[in-house]
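First to last, the protein sequences are chains L and C.
Residues 546 to 761 (the working numbering) are what the first sequence spells out, left to right.
Residues 546 to 761 (the working numbering) are what the second sequence spells out, left to right.
Everything below concerns the one structure shown next.
There are 2 protein chains.
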Amino acid sequence: MDLTNTAPPVEEQVALMAARALDENALRTIFTEARTANGFLPGPVTREQLTAAIELAELGPTSANTLPVRYVFVETPEAKERLKPALSPGNLDKTMAAPVTAIVAADLLFYENIARTFPTRPEMANNFIGEGKADFVRTFARDNALLQMGYFIIALRALGLDCGAMGGFDKPKVDAEFFPDGRFITLYLINIGYGDPTKSFPRLPRLAPAEIATFV
Amino acid sequence: MDLTNTAPPVEEQVALMAARALDENALRTIFTEARTANGFLPGPVTREQLTAAIELAELGPTSANTLPVRYVFVETPEAKERLKPALSPGNLDKTMAAPVTAIVAADLLFYENIARTFPTRPEMANNFIGEGKADFVRTFARDNALLQMGYFIIALRALGLDCGAMGGFDKPKVDAEFFPDGRFITLYLINIGYGDPTKSFPRLPRLAPAEIATFV
Chain L
546 MDLTNTAPPV EEQVALMAAR ALDENALRTI FTEARTANGF LPGPVTREQL TAAIELAELG
606 PTSANTLPVR YVFVETPEAK ERLKPALSPG NLDKTMAAPV TAIVAADLLF YENIARTFPT
666 RPEMANNFIG EGKADFVRTF ARDNALLQMG YFIIALRALG LDCGAMGGFD KPKVDAEFFP
726 DGRFITLYLI NIGYGDPTKS FPRLPRLAPA EIATFV
Chain C
546 MDLTNTAPPV EEQVALMAAR ALDENALRTI FTEARTANGF LPGPVTREQL TAAIELAELG
606 PTSANTLPVR YVFVETPEAK ERLKPALSPG NLDKTMAAPV TAIVAADLLF YENIARTFPT
666 RPEMANNFIG EGKADFVRTF ARDNALLQMG YFIIALRALG LDCGAMGGFD KPKVDAEFFP
726 DGRFITLYLI NIGYGDPTKS FPRLPRLAPA EIATFV
C-alpha cells in the first residue's frame, strides 16, 4: 500500500477536467454566434490586440512544434495599396476599408528553428534538409500553418474581434509584392476588426453530423 | 434627420463587441493551459461529446463554405487493430489506449455539396469539375479541412476534453484500410479523452511575436 499516493480518484480528476468546459456565452463568442465579417465598424484594432491573438494561437499544437505560420499585418493606406492589385473585385472594397488585413503565410525555412522549439530532438531538422525535399517541406509548412490559422481565427474571436478570411485573391501577386525572396508563401488574407452587423450575410447551411462523421 | 435610425452610436456597438471576449478561465481551457495529451485517464468520451465538437467546429469558416473535413472516430478494439499497422512506434501504445482516436480526413468530392451549402452561388461547383483539376481540388480540400481541424481541436478543448494530434503515421496505409475507394484522404490522427497529467511533457518553447509577425 502506497501511503505517498495522494492523487484524487480518477472520477474526481475527470470531473475537474470536464468542468474546464466553456460556458454558453464563451461558445457563442468563438463558435455559435461568431460570423464572418463582410464590413467593419470604425473601431480601432491595436497592435496589442493582434499580438495577443498571435500569442494565443502560437500555443496551439503543430507537428514537432514546428510553428511555421507567419503574419504580415497590413495597417497603413500605403501598404493596403500594395495589396490592392491582388484582390478580387468582390473582396476589394471591404479589404481596403478594414481596420487591418492579415496576410497569413508559411515559412519554408521553419525547420531552422527546430533546435530551439523542439530541443528534445533537434535532429528532426535533418528530415527537412537535402535534395528532393522541397515538396515535402512545402506541404509540411502549409499544413501546419493552416492548422495555426484555424487557431488564430478562434483566438481573434476569443478576444472579442471579428474576422473575414479570404482565399479569393492572386496569391502569386501577394508573394511577389510582400515576399520577393520566396521564403514565405501566402495562404490566406484575413480582414480584422469589429464586424458591422448590417453587412453580415445570413449564416450558410452546414452539413449534418451524420454526413461528416462515422463511428467504428 | 432620420428619426427611424435607432442604432446605438458606434462607440457603444464596439464596446458591446469587445465585451464578447472570453475570460481568463476560458482562455486557459482553450489556449493558455491546454496541452497535448500523451496519455489519458480512463474517463469515457461519449458520441454526444464528439458530435457536439464536430458541430461546433463545423461553424468555423471555410472557403465558399465548402466544409471538406470528414471524421472517422475509432472507438472499438477491433477498429483500433485496423489502425495499428499504420502507427509509428512512438504513437502506438498511447493510441491503442486512448478512449477514441479520430481519423481526420478531407473529402475530395466536397464540391458535390456546394449547391446545398453555398446556395447563393451553386455554380461555384463548376470550378472543381473537369480535366486537369485534380491537383487544385486536392489542395483546396486539404487546405480547408486543415483549417477545420484547427477549429475541431479548439472545440474539443472548449468542451473540456484533451487531445493529442499525430502526424507521425503511415497515411497511405490508413487510406487503404479506411478509405479504399480513394474519395477521402487522411490528414491527421487525434487521440481524444481526458489527459493524464502525469504523462504530459513540459510545454515546448514558442517563437516570439516579433519572429512571426510584422506590421506594415
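We put the CB at the ideal spot given by N, CA and C, even for glycine.
Since this is a predicted model, take the numbers as computed values, not measurements.
Are at least three pairs of beta-carbons, each pair with one atom in the stretch 701-710 of chain C and one in the stretch 700-714 of chain L, less than 8 angstroms apart?
Verdict: no, contact absent.
Chain C contact residues for Tyr616/L, given Cβ-Cβ distances below 7 angstroms
In the first sequence, the residue the question calls residue 616/L occupies position 71. Per Cβ cutoff of 7 angstroms: Ile757 and Ala758.
Beta-carbon of Asp726/C versus every beta-carbon of chain L: anything under 8 angstroms?
Numbered from 1 along the second sequence, position 181 holds the residue referred to as residue 726/C. No, its Cβ sits nowhere closer than 8 angstroms to a Cβ of chain L.
DSSP three-state call for Glu724/C: helix, strand or coil?
Within the second sequence, residue 724/C is the residue found at index 179, counting from 1. Strictly speaking, residue 724/C in this sequence is Phe, with Glu absent from that position. Three-state result, Phe724/C: coil.
Checking 8 angstroms against the spacing of the C-beta atoms, do Leu692/C and Gly695/L come in under that value?
Translated into the one-based positions of the second sequence, residue 692/C becomes position 147. Translated into the one-based positions of the first sequence, residue 695/L becomes position 150. Taking 8 angstroms as the Cβ cut-off, Leu692/C and Gly695/L qualify as a contacting pair.
Between the beta-carbon of Phe618/L and the beta-carbon of Gly740/L, is there less than 8 angstroms?
Translated into positions along the first sequence, residue 618/L becomes position 73. Translated into positions along the first sequence, residue 740/L becomes position 195. Gly740/L sits away from Phe618/L, with the two beta carbons spaced by 8 angstroms or more.
Contacts that Ser633/C makes with chain L (C-beta to C-beta distance below 9 angstroms)
Position 88 of the second sequence, counted from the start, is the residue given in the question as residue 633/C. Under the 9 angstroms cutoff, chain L gives no residues; its nearest Cβ is about 12 angstroms from Ser633/C.
Please list the terminal residues of the continuous alpha helix (DSSP H) segment that includes Arg751/L.
Counting from 1 along the first sequence, the entry for residue 751/L is found at position 206. No alpha helix (DSSP H) contains Arg751/L, which DSSP labels as neither H nor E.
So, with DSSP's three-state summary, where would you put Phe746/C?
Translated into the one-based positions of the second sequence, residue 746/C becomes position 201. It is coil, neither helix nor strand.
Counting beta carbon pairs with one atom in the stretch 744-756 of chain C and one in the stretch 657-667 of chain L, are three or more of them shorter than 8 angstroms?
yes
Segments of 3+ residues assigned as beta strand (DSSP E) that fall wholly inside the stretch 680-728 of chain C
Segments of the beta strand (DSSP E) lying fully in the stretch 680-728 of chain C: 707-711.
Close beta carbons around Tyr656/C, own chain, < 6 angstroms, minus the five adjacent residues each side
Within the second sequence, the letter at position 111 stands for residue 656/C. Same-chain partners within the cutoff: Ala670 and Phe673.
Taking 8 angstroms as the CB-CB cut-off, is Met669/C touching chain L?
Mapped onto the second sequence, residue 669/C falls at position 124. By this cut-off, Met669/C is not an interface position.
What did DSSP end up calling Asp652/L once you bin it into helix, strand or coil?
Against the first sequence, residue 652/L aligns to sequence position 107. Correct three-state label for Asp652/L: strand.
Mind pulling the chain C residues with CB within less than 8 angstroms of Ser745/L?
On the first sequence, position 200 is the one that residue 745/L refers to. The premise fails here: Ser745/L is roughly 12 angstroms from chain C at the closest Cβ pair, so nothing lies under 8 angstroms.
Taking only beta carbons into account, state which residues of the stretch 729-741 of chain L come closer than 7 angstroms to chain C, listed in chain order.
Tyr739
What are the start and end residues of each continuous beta strand (DSSP E) run of 3 or more residues lying completely inside the stretch 587-666 of chain L, in chain order?
Segments of the beta strand (DSSP E) lying fully in the stretch 587-666 of chain L: 614-619 and 645-652.
Find the residues of chain C that neighbour Arg592/L, judging by a C-beta separation of less than 7 angstroms, and give them in chain order.
For this step, residue 592/L is matched to residue 47 along the first sequence. Per Cβ cutoff of 7 angstroms: Phe760.
List the DSSP bridge partners of Phe673/C.
Looking up residue 673/C in the second sequence gives position 128. Per DSSP, none; premise fails for Phe673/C.
Mark Leu561/L as exposed unless 16 or more other C-beta atoms lie within 10 angstroms of its C-beta, in which case mark it buried.
Mapped onto the first sequence, residue 561/L falls at position 16. Flag for Leu561/L reads exposed.
For Val555/C, go through chain L and note every residue whose CB falls closer than 8 angstroms to its CB, in chain order.
Position 10 of the second sequence, counted from the first residue, corresponds to residue 555/C. Neighbours of Val555/C on chain L, chain order: Leu586, Pro587 and Gly588.
Does the beta carbon of Met562/L sit closer than 8 angstroms to a beta carbon anywhere in chain C?
What you label residue 562/L is simply residue 17 of the first sequence in a count that begins at 1. With 8 angstroms as the cut-off, Met562/L counts as an interface residue toward chain C.
Are the CB atoms of Leu567/C and Thr574/L nearer to each other than 8 angstroms?
Walking along the second sequence from the start, residue 567/C turns up at place 22. Walking along the first sequence from the start, residue 574/L turns up at place 29. Using a Cβ distance threshold of 8 angstroms, Leu567/C and Thr574/L count as a contacting pair.
One question on the structure: do Asn736/L and Thr646/L come within less than 8 angstroms of each other, judged by their Cβ atoms?
As a position in the first sequence, residue 736/L is number 191, starting the count at 1. As a position in the first sequence, residue 646/L is number 101, starting the count at 1. Taking 8 angstroms as the Cβ cut-off, Asn736/L and Thr646/L qualify as a contacting pair.
In the DSSP output, what is Tyr733/L paired with across the bridge?
Translated into the one-based positions of the first sequence, residue 733/L becomes position 188. Answer is Val649/L.
Interface residues of chain C around Pro754/L at Cβ under 7 angstroms?
The residue given as residue 754/L occupies position 209 in the first sequence. Ordered by position in chain C, the residues that pass the 7 angstroms Cβ test against Pro754/L are Thr596, Ile599 and Glu600.
I want to verify the contact list: residues of chain C whose CB lies under 8 angstroms from the CB of Ile674/L, in sequence order.
Here residue 674/L refers to the residue found at position 129 when the first sequence is read from its first residue. What Ile674/L touches in chain C: nothing, since even the nearest Cβ is about 18 angstroms away.
List the DSSP bridge partners of Gly738/L.
The residue given as residue 738/L occupies position 193 in the first sequence. Gly738/L pairs with Asp707/L.
Using a Cβ cut-off of 8 angstroms (strictly closer), state whether Asn636/C contacts chain L.
Counting from 1 along the second sequence, the entry for residue 636/C is found at position 91. Chain L, which has no Cβ nearer than 8 angstroms to the Cβ of Asn636/C, makes this no.
In angstroms, rounded to a whole number, what distance separates the CA positions of Gly588/L and Asn610/L?
By one-based count along the first sequence, residue 588/L stands at place 43. By one-based count along the first sequence, residue 610/L stands at place 65. Spanning the two alpha carbons is a distance of roughly 35 angstroms.
Which same chain residues end up closer than 7 angstroms to Ile699/C when comparing Cβ atoms and leaving out the 5 residues on each side of it in sequence?
Position 154 of the second sequence, counted from the first residue, corresponds to residue 699/C. These residues qualify, in order along the chain: Ile575.
Along the alpha helix (DSSP H) that carries Ala571/L, what are the first and last residues, could you check?
As a first step, residue 571/L is located in the first sequence; it is residue number 26 there, counting from the start. Counting along the chain, the alpha helix (DSSP H) containing Ala571/L begins and ends at Glu569 to Leu572.
From this set, Phe723/L, Ile599/L, Thr743/L and Thr759/L, which residue's C-alpha is nearest Thr551/C's C-alpha?
Here the question's residue 551/C lines up with position 6 in the second sequence. Closest by alpha carbon: Thr743/L.
Interfacial residues, the stretch 676-692 of chain L to chain C, with Cβ spacing under 8 angstroms:
Answer in chain order: Arg687, Asp688, Leu691 and Leu692.
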